[in-house]
Amino acid sequence: MDTSKFSRYTSSRLFWFLFGSVLGGMGVWSGLQQGLIGETMIGLGLILLGIQGLLRPVVLSRVAKMSKEEMTREVSIGSDTLHGALSLVMAATLVVGFVMKYLVKV
Numbered sequence: 003m004d005t006s007k008f009s010r011y012t013s014s015r016l017f018w019f020l021f022g023s024v025l026g027g028m029g030v031w032s033g034l035q036q037g038l039i040g041e042t043m044i045g046l047g048l049i050l051l052g053i054q055g056l057l058r059p060v061v062l063s064r065v066a067k068m069s070k071e072e073m074t075r076e077v078s079i080g081s082d083t084l085h086g087a088l089s090l091v092m093a094a095t096l097v098v099g100f101v102m103k104y105l106v107k108v
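Taking the working numbering, the leading residue of the sequence shown gets 3, the next gets one more, and so forth.
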């Protein structure tokens with residue numbers, strides 16, 4: 003893993019990591035305290051969102067020098083397979099958590 007890319011878009015990486023970690027940590031803590039599986043799953047999904055934001059930051063740029071795909075590949079840490087798998091697990095965890103919390107009420 004190429005960690006030299008951490009110095010690019012540091013503020014965006016830090017924001018998304020802290021956002022996911024803090025909200026996810028609070029969700030996991032609250033879910034475990036109250037015995038709510040859905041809340042715990044949502045918290046885990048948000049923690050994965052924070053990790054995803056750390057490895058592949060959201061880059062908002064108006065400069066059209068390179069395509070969005072090229073820019074994303076340039077600043078991403080890890081392989082496309084890693085990001086794809088992380089995205090799928092994150093989405094599945096969030097969907098299952100929301101279904102369990104709001105529809106099943108568990």
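Cβ coordinates follow ideal geometry from the N, Cα and C atoms, glycine included. For clarity, every value in this text was computed on a predicted model and none was experimentally measured.
- For T42, count neighbouring C-beta atoms within 10 Å of its own C-beta (all shown protein chains included) and say buried if the count is 16 or more, exposed if not. Counting the other CB atoms within 10 Å of its CB gives T42 a total of 16 or more, which places it among the buried residues.
- Going by the beta-carbon positions, is the gap between I44 and G22 smaller than 9 Å? I44 places its beta carbon 9 Å or farther from that of G22.
- Exposed or buried, Y104, counting other C-beta atoms within 10 Å across all chains shown (16 or more means buried)? By the 16-neighbour rule on beta-carbons within 10 angstroms, Y104 is exposed.
- Query: Is DSSP giving K7 helix, strand or coil here?
  - Reply: Of the three classes helix, strand and coil, the one that applies to K7 here is helix, per DSSP.
- For V108, which of G37, S78, F19 has the nearest alpha-carbon? In this structure, G37 is the residue among G37, S78, F19 with its C-alpha nearest to the C-alpha of V108.
- Query: In angstroms, rounded to a whole number, what distance separates the CA positions of L20 and K7?
  - Reply: Our two residues, L20 and K7, have alpha carbons roughly 18 Å apart in a direct line.
- Message: Can you tell me where the alpha helix (DSSP H) holding V97 begins and where it ends?
- Response: Segment 82 to 100, the alpha helix (DSSP H) holding V97.
- With a 10 Å radius around its C-beta and 16 neighbouring C-beta atoms as the bar for buried, classify M92 as buried or exposed. By the beta-carbon neighbour count (other beta carbons within 10 angstroms, threshold 16), M92 is buried.
- Classification of R10 by the beta-carbon crowding that lies within 10 angstroms, buried from 16 upward: With fewer than 16 other Cβ atoms within 10 Å, it is exposed.
- Message: Using C-beta distances below 7 Å, list every residue in its chain close to V98, excluding the 5 sequence neighbours before and after it, in chain order.
- Response: Closer than 7 Å at Cβ, skipping near neighbours: M43.
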